[in-house]
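Numbering (UniProt numbering), first residue to last: 1 to 639. For glycine and all other residues, C-beta sits at the position ideal for the given N, C-alpha and C. Here the structure comes first, spelled out in structure tokens, and everything after it is commentary.
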Amino acid sequence: MGSFHAEDASFGAEGKKGIDMLVARMLQTYDSRYGLGYMSCSVYDTAWVANVTKTVAGIPQYLFPLSFLAILNAQLPDGSWGGHFHRRRSSSSSSSSSSVTSSKGSTWASKEASYSFCDAILSTMASLYTLILHSKHSHQIPEIRLPAPSLDVRISNAVDSLKAMLPRWRIGECNAVGFEVLAPALLDLLSTQGYEFEFPDRVKLLKVRDAKLSRINLEHLHRAAPSALLHSLEAFHGTDGLDMSKFKHHLVGGSMMASPAATASYLMKSNEWDDSAEAYLRLVVERGDGQGSGAVPSAYPSTNFEMLWVVSTLAEFHVWCPSEGGKWTKSILSMIEQSKSQTNGLVGFAPGIEPDLDDSSKASTILSLIQNAGFSEAIVAEFDGPRCLRTYRGERDPSVSANCNALMSLLMDNQDFADKSSAIEKAVVFVHDAWTDAEGELLDKWNLSIHYPVMLLSRSLTELVLAWTSGRLAPRLDRTMTAQAVPLLVKAALQTLCAQHPDGSWGSMDWCEETAYAVLSLVSFLSLPLPVSLRVVASHAVERGRAFLQRGGHEIGFLWIEKITYRSELLREAYVQTALHAVPERLWRMQEMNGRVLELAGMLDRQVRFEEGRSDSPASPGESTTYGDGVVAEAIVQG
Numbered sequence: 001m002g003s004f005h006a007e008d009a010s011f012g013a014e015g016k017k018g019i020d021m022l023v024a025r026m027l028q029t030y031d032s033r034y035g036l037g038y039m040s041c042s043v044y045d046t047a048w049v050a051n052v053t054k055t056v057a058g059i060p061q062y063l064f065p066l067s068f069l070a071i072l073n074a075q076l077p078d079g080s081w082g083g084h085f086h087r088r089r090s091s092s093s094s095s096s097s098s099s100v101t102s103s104k105g106s107t108w109a110s111k112e113a114s115y116s117f118c119d120a121i122l123s124t125m126a127s128l129y130t131l132i133l134h135s136k137h138s139h140q141i142p143e144i145r146l147p148a149p150s151l152d153v154r155i156s157n158a159v160d161s162l163k164a165m166l167p168r169w170r171i172g173e174c175n176a177v178g179f180e181v182l183a184p185a186l187l188d189l190l191s192t193q194g195y196e197f198e199f200p201d202r203v204k205l206l207k208v209r210d211a212k213l214s215r216i217n218l219e220h221l222h223r224a225a226p227s228a229l230l231h232s233l234e235a236f237h238g239t240d241g242l243d244m245s246k247f248k249h250h251l252v253g254g255s256m257m258a259s260p261a262a263t264a265s266y267l268m269k270s271n272e273w274d275d276s277a278e279a280y281l282r283l284v285v286e287r288g289d290g291q292g293s294g295a296v297p298s299a300y301p302s303t304n305f306e307m308l309w310v311v312s313t314l315a316e317f318h319v320w321c322p323s324e325g326g327k328w329t330k331s332i333l334s335m336i337e338q339s340k341s342q343t344n345g346l347v348g349f350a351p352g353i354e355p356d357l358d359d360s361s362k363a364s365t366i367l368s369l370i371q372n373a374g375f376s377e378a379i380v381a382e383f384d385g386p387r388c389l390r391t392y393r394g395e396r397d398p399s400v401s402a403n404c405n406a407l408m409s410l411l412m413d414n415q416d417f418a419d420k421s422s423a424i425e426k427a428v429v430f431v432h433d434a435w436t437d438a439e440g441e442l443l444d445k446w447n448l449s450i451h452y453p454v455m456l457l458s459r460s461l462t463e464l465v466l467a468w469t470s471g472r473l474a475p476r477l478d479r480t481m482t483a484q485a486v487p488l489l490v491k492a493a494l495q496t497l498c499a500q501h502p503d504g505s506w507g508s509m510d511w512c513e514e515t516a517y518a519v520l521s522l523v524s525f526l527s528l529p530l531p532v533s534l535r536v537v538a539s540h541a542v543e544r545g546r547a548f549l550q551r552g553g554h555e556i557g558f559l560w561i562e563k564i565t566y567r568s569e570l571l572r573e574a575y576v577q578t579a580l581h582a583v584p585e586r587l588w589r590m591q592e593m594n595g596r597v598l599e600l601a602g603m604l605d606r607q608v609r610f611e612e613g614r615s616d617s618p619a620s621p622g623e624s625t626t627y628g629d630g631v632v633a634e635a636i637v638q639g
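Rendered as structure tokens:
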């Protein structure tokens, strides 16, 4: 890919200033010791933290009474809890105090509705367990000091709400992080307190749990290498005879894989008190998104994840140049190298955490943009699987978005290696087949919006096409490019155009962030030599989408998937800023007009006409089209 300089992005001084401020603000909040985290708070994790007790001078007391009050304030009128908190500011303008309550949106797409339902069930089970424990052992929080209604009434209402929700739960519609072990564990914990819940999908849930645990020897779990399961260690809270102190060597910065819930469970079930785990939980309560309210997120810190996503998005769409970022670039490089040094040359979502395909790929892409050399060979060596690249060891379901990010890292990395072409082909075929199997309704495991994986596949496949036109792909990939990449790019673009709402927006859960995803999909598509008529339509759609984003004032949704869905205002702003200012990469500005560019233009034209029903078959490479080269060239230089 050609080198990029900041002046190439023609979005003006104001746009550059806004993006520079975003990067500066992110890196100024980064602490080399504690990291950073903008993930929104989770009722589920807060309930676990509220249970932690410590004996001081022979008297047991709850460590985080504010977390318990946050749970009480978040209970909804029907007795349930939603997955999230929203901050409710004091009516006094001079006061900075706030309380947190549970929030539920009123308009969901079907996928968000199923995840919101899963959020509510997990959060209600965890919160009910917390209420039961506090009703039996009030310690320093006597009930007389608690807001009405009484704990007995709250418990009764919570039980009734669970009995109403569980029969409607469809296990197959949920793929939240660890739900297959967390939900059965909570049912078991509630059973030990005398509360039994039967529902139609319970047997199916337990089968999924058993399949997950069949690969794990609980007797030796603490001896194994760090794994994603540690992030959900609270799933073993009720396991008889399991001494959590045996997991002490897995702590990173006092946390159990950056999970407040897992760390709280570890601290409660350890035979010896762990000061580092206590310090971590105090840090999360104070520095997490709850900002001292008692509420905590599902993961903290999320340093690598959020920083890498912001920087790579800005850089891949050429609205911020990391190689010209001065001290900020040094901070980013330092963070990446520090993480790599702690995890065998790869990267996890926070320093010291088990590496994964997503974060490693983003880090490699950034290094390629700054230094022209990533570490995609090491990524393939670690995560290569039979039909795609795995996000992490023991993964139950593969991820389209992670494979798109891996594809991008492979294409941006100038270093060649023996299995590179094979890995590129595997990622493209997997993404294409996933689209085909889903009939275009891609459901990714890390984000609820269909527009998120489409944005990533559009950008990575566009990069593949750029590499093909410049002769940088091995000949074995010609068929992959023409049979999978080009058809999928056209299908994704046409679907995105058809999904735009009359007001210029896309999506139904977070109109701003989803609109940003869709705009960036079209920006990628517009970098290709399109038929003039389609270029006009796509350009107009981008303009309307940007006008919608500029109006602002839209409600923020919870698009990202963890144990509970969450949002990150940092990521949201990065996507919106990038969508407002990204400029399509013009092939004809980056290289000489060559035969492959003209051939690509013909293939795109034929594929568009095929998708629109104006042609019997898509074009193959080298096949002539009804457009002559002169008309194709005119299509390229217009727009």
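Rounded C-alpha distance that separates residue i from residue j
{"i": "Ser508", "j": "Leu570", "result": "20 Å"}
{"i": "Pro142", "j": "Lys163", "result": "28 Å"}
{"i": "Glu198", "j": "Leu166", "result": "8 Å"}
{"i": "Asp160", "j": "Val347", "result": "44 Å"}
{"i": "Lys16", "j": "Tyr30", "result": "21 Å"}
{"i": "Arg472", "j": "Ser460", "result": "15 Å"}
{"i": "Met408", "j": "Ser116", "result": "31 Å"}
{"i": "Ser293", "j": "Leu66", "result": "6 Å"}
{"i": "Leu456", "j": "Asn405", "result": "7 Å"}
{"i": "Phe375", "j": "Leu389", "result": "15 Å"}
{"i": "Lys330", "j": "Gln371", "result": "12 Å"}
{"i": "Gln415", "j": "Asn594", "result": "25 Å"}
{"i": "Asp606", "j": "Pro618", "result": "Sequence inspection shows Arg at residue 606; the Asp mentioned does not correspond to that position. Their Cα atoms are separated by approximately 5 Å."}
{"i": "Val465", "j": "Gly290", "result": "44 Å"}
{"i": "Tyr452", "j": "Glu441", "result": "11 Å"}
{"i": "Arg88", "j": "Pro301", "result": "The predicted model places Arg88 with a pLDDT of 41, which falls under 50 and marks its position as unreliable; any figure quoted below should be read in that light. Between Arg88 and Pro301, the C-alpha separation is close to 24 Å."}
{"i": "Trp169", "j": "Asn403", "result": "30 Å"}
{"i": "Ala74", "j": "Thr469", "result": "56 Å"}
{"i": "Asp510", "j": "Gly58", "result": "50 Å"}
{"i": "Trp588", "j": "Thr303", "result": "A caution first: Trp588 carries a pLDDT of 42, below 50, which makes its placement in the model too unreliable to give a value."}
Helix, strand or coil at residue i according to DSSP, with G and I counted as helix
{"i": "Ile59", "result": "strand"}
{"i": "Asp152", "result": "helix"}
{"i": "Trp588", "result": "The pLDDT assigned to Trp588 is 42, lower than 50, so where the model puts this residue is not dependable; a value taken from the coordinates is nonetheless given after this. The answer is helix: DSSP assigns Trp588 an H, G or I state."}
{"i": "Leu131", "result": "helix"}
{"i": "His249", "result": "helix"}
{"i": "Val583", "result": "coil"}
{"i": "His222", "result": "helix"}
{"i": "His554", "result": "coil"}
{"i": "His540", "result": "helix"}
{"i": "residue 654", "result": "In the structure displayed, the chain extends from 1 to 639; residue 654 sits before or after that span and is not available."}
{"i": "Met268", "result": "helix"}
{"i": "Met256", "result": "strand"}
{"i": "His137", "result": "coil"}
Residue span of the alpha helix (DSSP H) that contains residue i, given as start and end
{"i": "Glu180", "result": "Phe179 to Thr192"}
{"i": "residue 640", "result": "Residue 640 cannot be examined here, being either before or after the span of the chain that is shown, 1 to 639."}
{"i": "Asn405", "result": "Val400 to Met412"}
{"i": "Asp433", "result": "Lys420 to Asp437"}
{"i": "Cys174", "result": "Cys174 -> no alpha helix (DSSP H), and no H or E assigned at all."}
{"i": "Asp358", "result": "Leu357 to Gln371"}
{"i": "Glu282", "result": "Reading off the sequence, residue 282 comes out as Arg, not Glu. Asp275 to Arg287 is the extent of the alpha helix (DSSP H) around Arg282."}
{"i": "Asp210", "result": "Arg202 to Leu213"}
{"i": "residue 640", "result": "The displayed coordinates of the chain run from 1 to 639. Any statement about residue 640 would go beyond what the structure contains."}
{"i": "Phe197", "result": "Here Phe197 belongs to no alpha helix (DSSP H), and DSSP marks it neither H nor E."}
Best match in the options for proximity to residue i [C-alpha to C-alpha]
{"i": "Ala315", "options": "Asp605, Gly440, Ser364 and Ile353", "result": "Ser364"}
{"i": "Ser259", "options": "Lys212, Pro502 and Val49", "result": "Val49"}
{"i": "Val400", "options": "Ser449, Ala601 and Ala373", "result": "Ser449"}
{"i": "Val523", "options": "Asp503, Gly352 and Ala492", "result": "Ala492"}
{"i": "Ala467", "options": "Ala485, Tyr452 and Val454", "result": "Ala485"}
{"i": "Val310", "options": "Leu22, Ile71 and Leu242", "result": "Leu22"}
{"i": "Leu410", "options": "His432, Arg393 and Ala381", "result": "Ala381"}
{"i": "Arg546", "options": "Thr124, Gly504, Arg567 and Asn304", "result": "Gly504"}
{"i": "Pro386", "options": "Ala378, Val519, Ala183 and Lys426", "result": "Lys426"}
{"i": "Lys445", "options": "Pro398, Met125 and Asp210", "result": "Pro398"}
{"i": "Ser521", "options": "Leu580, Asp384, His139 and Tyr195", "result": "Leu580"}
Beta carbon proximity, residue i to chain D, threshold 8 Å
{"i": "Leu221", "result": "In the structure shown, chain D cannot be found, because there is only a single protein chain."}
Any beta strand (DSSP E) of 3 or more consecutive residues that is wholly inside the segment 16-70: 53-56 and 59-62
Alpha helix (DSSP H) runs wholly inside the segment 314-346, at least 4 long, in chain order: 327-342
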